[in-house]
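Colleague: Below are the structure tokens for one structure; questions will follow.
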Amino acid sequence: MIQTKGLTGAQTMLRVLAKMGVEKIFASPGSEWSPVWEALAEPGVEGMPQYLSTRHEEVAVGMASGYAKSTGKLPAVMIHTTVGSLHATMGMRGAIREQVPMVVFSGESIGYGEDEGPDPGAQWLGHLSNIGGPAKLVEQTVKWSFGVNNKAILPATIQRACQLAMAAPKGPTFVSLSMEHLFDKMIKDVPGDLGFAPGATADPKGIEELANLLAGAKNPVIVTEDSGRTEKSVHCLVEIAELLGCAVVETRSTGALNFPRNHPLHSGYDPRKALAGADAILLLAVIAPWHPASATPSPGATVAILDENPLRHDMPYYGYQADLCLTGEIESSLEHLLAALKKAEEIGKKNNAQRKAWRDDALALASQKPMDTRWVAHELSQVLPADAMVVEETITHRLAVHRYLDGVKPGSYFAGCVGGLGTGL
474 MIQTKGLTGA QTMLRVLAKM GVEKIFASPG SEWSPVWEAL AEPGVEGMPQ
524 YLSTRHEEVA VGMASGYAKS TGKLPAVMIH TTVGSLHATM GMRGAIREQV
574 PMVVFSGESI GYGEDEGPDP GAQWLGHLSN IGGPAKLVEQ TVKWSFGVNN
624 KAILPATIQR ACQLAMAAPK GPTFVSLSME HLFDKMIKDV PGDLGFAPGA
674 TADPKGIEEL ANLLAGAKNP VIVTEDSGRT EKSVHCLVEI AELLGCAVVE
724 TRSTGALNFP RNHPLHSGYD PRKALAGADA ILLLAVIAPW HPASATPSPG
774 ATVAILDENP LRHDMPYYGY QADLCLTGEI ESSLEHLLAA LKKAEEIGKK
824 NNAQRKAWRD DALALASQKP MDTRWVAHEL SQVLPADAMV VEETITHRLA
874 VHRYLDGVKP GSYFAGCVGG LGTGL
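Just so you know, we're using my numbering here: the sequence shown kicks off at 474 and counts up by one.
The following block contains the structure:
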């Protein structure tokens, strides 16, 4: 529980932010934030976020964005009602597209001097208020937007805004707080001292399917744009690429160092060129890998998407078609993909050794008379046409047929002996 009952709304805001790990507040404030300034100036209060004032809303949001990218921590932003919110929308729109977390606060008035609390002044009704408030003005540029309409829910709403900002896909959230509520005493505690939920890892079966797709491809290519948010993600991608001998290409909109740019497998910044001839394509944390979306650079290739927001619900159109679509936090999903590829490699080595032993057994019997079934099956597999149909109803020699006729294609092999001999004929 976060104890906020009896505190002012301003004191509550600072304490909830501190409990949620917010260490910095980037502000381009107006007069509505005076209760917060008073709360910050209280003697003997420790552990509150550091307050950094700027001269413009875009500067405040830009500083918050850089802070979040460089530290991985959640920043808060304070701006001035409707006019400040509109100035901030450019930065917030960039943050939501780049999946940068921050919680943005705007002030407003809900009483306009008509209730018993402090009078915010005539300018609020005359110049600073819009129908629906600041939260409505910015809702298209943030992940979640809400104007607190009752002091009973103010503490928990601030906590929820922090949680939503850090939940995958990360992004800016927006909370409008009235000056009246900032002065008022809270009547509720925050019910639970909840932290941030860890990002969900992609479905294990889907990761295994993706590993098999990439490992079985002759020319796999990975396209990435924003997967390198953490060092571990970059290291995992390097290991995956080296394990597969797989090209990695970035886009011109790359937002992080996703792959070492001097690495031999780094294939530049032109996905259309790099994907020519690819038979398996992994779109890893990338928004628009080629244009137009319907014109896949390598027709016939199997396409997989791994992303925190693979279907891009925030975009009006997304025409990229995929055979496999996985939702998951990037770092942990890459770790699991790497583990699956290593496991597949070990199994593959073991199975290849077994096939070699079978082949050696067959070749060792080449001059035996009478002929051994293993050698016959091996030789038959060498001369079978690619489009051959195989109908088989052996019993004693069935394993030899299975082991050595290993080049048959799906739909070209049929067995019939369970119901009785002769059915195959």
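Note that CB positions come from ideal geometry on N, CA and C, so glycine has one too. Predicted model only: the values in this text are computed from it and were never measured.
In angstroms, rounded to a whole number, what distance separates the CA positions of Gly586 and Ser700?
Modeller: 50 Å
Colleague: Flag this pair as touching only if the region 786-802 and the region 647-657 have three or more C-beta atom pairs under 8 Å; answer yes or no.
Modeller: Here the region 786-802 does not lie against the region 647-657, with fewer than 3 beta-carbon pairs under 8 Å apart.
Colleague: Hey, quick one: how far does the alpha helix (DSSP H) through Cys709 stretch, first residue to last?
Modeller: 704-717
Colleague: Please say whether Leu480 and Met659 have beta carbons closer to each other than 7 Å?
Modeller: yes
Colleague: Count the other CB atoms, across all protein chains shown, that sit within 10 Å of the CB of Leu784; report buried if there are 16 or more and exposed otherwise.
Modeller: exposed
Colleague: Any idea what DSSP makes of Asp834, helix, strand or coil?
Modeller: Reduced to three states, the DSSP call for Asp834 is helix.
Colleague: State buried or exposed for Gln855, treating a residue as buried only when at least 16 other CB atoms are found within 10 Å of its CB.
Modeller: exposed
Colleague: How close, in whole Å, do the beta carbons of His553 and Glu531 come, if the pair is a contact with beta carbons under 8 Å?
Modeller: About 13 Å separates the two Cβ atoms, so there is no contact after all.
Colleague: Please list the segments of the beta strand (DSSP E) lying wholly inside the region 574-624, counting only runs of 3 or more residues, in order along the chain.
Modeller: 575-581, 617-620
Colleague: What are the complete beta strand (DSSP E) segments, minimum 3 residues, inside the region 640-706?
Modeller: 645-651, 693-697
Colleague: Can you tell me the Cα-Cα spacing of Ala751 and Ser806, whole angstroms?
Modeller: 23 Å
Colleague: What does the alpha-carbon distance come out to for the pair Pro628 and Val663?
Modeller: Between Pro628 and Val663, the alpha-carbon positions lie close to 6 Å from each other.
Colleague: Around the Cβ of Thr555, are there at least 16 other Cβ atoms within 10 angstroms (buried) or fewer (exposed)?
Modeller: When all chains shown are included, Thr555 counts as buried.
Colleague: Where does Thr769 fall in DSSP's three states?
Modeller: coil
Colleague: Nearest by alpha-carbon distance to Ala690: which of Ala670, Leu716, Val711, Lys678 is it?
Modeller: Per the Cα distances, Leu716.
Colleague: Is it true that the region 841-858 meets the region 876-886, where meeting means three or more beta-carbon pairs spaced less than 8 Å apart?
Modeller: yes
Colleague: Alpha carbon to alpha carbon, how far is Glu804 from Ala720?
Modeller: Roughly 19 Å between the two C-alpha positions.
Colleague: Tell me where the beta strand (DSSP E) around Glu899 begins and ends.
Modeller: As displayed, the chain neither begins before 474 nor continues past 898, which places residue 899 out of reach and without an answer.
Colleague: Across which residues does DSSP place Asp780 in a beta bridge pair?
Modeller: Thr800
Colleague: For Gly728, which option in Thr646, Asn825, Thr697 has the closest C-alpha, if you only look at C-alpha atoms?
Modeller: Selected option, being the one with the closest Cα: Thr697.
Colleague: Suppose you measure from the CA of Arg566 to the CA of Gly741; what does that come to, to the nearest Å?
Modeller: The straight-line gap from Cα to Cα measures roughly 28 Å.
Colleague: Could you tell me which residues DSSP puts in a beta bridge with Gln523?
Modeller: Lys497
Colleague: Report the rounded CA-to-CA distance for Gly644 versus Pro607, giving the unit in angstroms.
Modeller: 18 Å
Colleague: Looking at the secondary structure, which residues open and close the alpha helix (DSSP H) in which Val849 lies?
Modeller: 846-856
Colleague: What residues are listed by DSSP as bridge partners for Tyr886?
Modeller: Answer is Val863, bridged to Tyr886.
Colleague: Measure the C-alpha to C-alpha separation of Val863 and Glu712 and round it to an integer number of angstroms.
Modeller: 41 Å
Colleague: Tell me the DSSP secondary structure of Met563 in three-state form.
Modeller: helix
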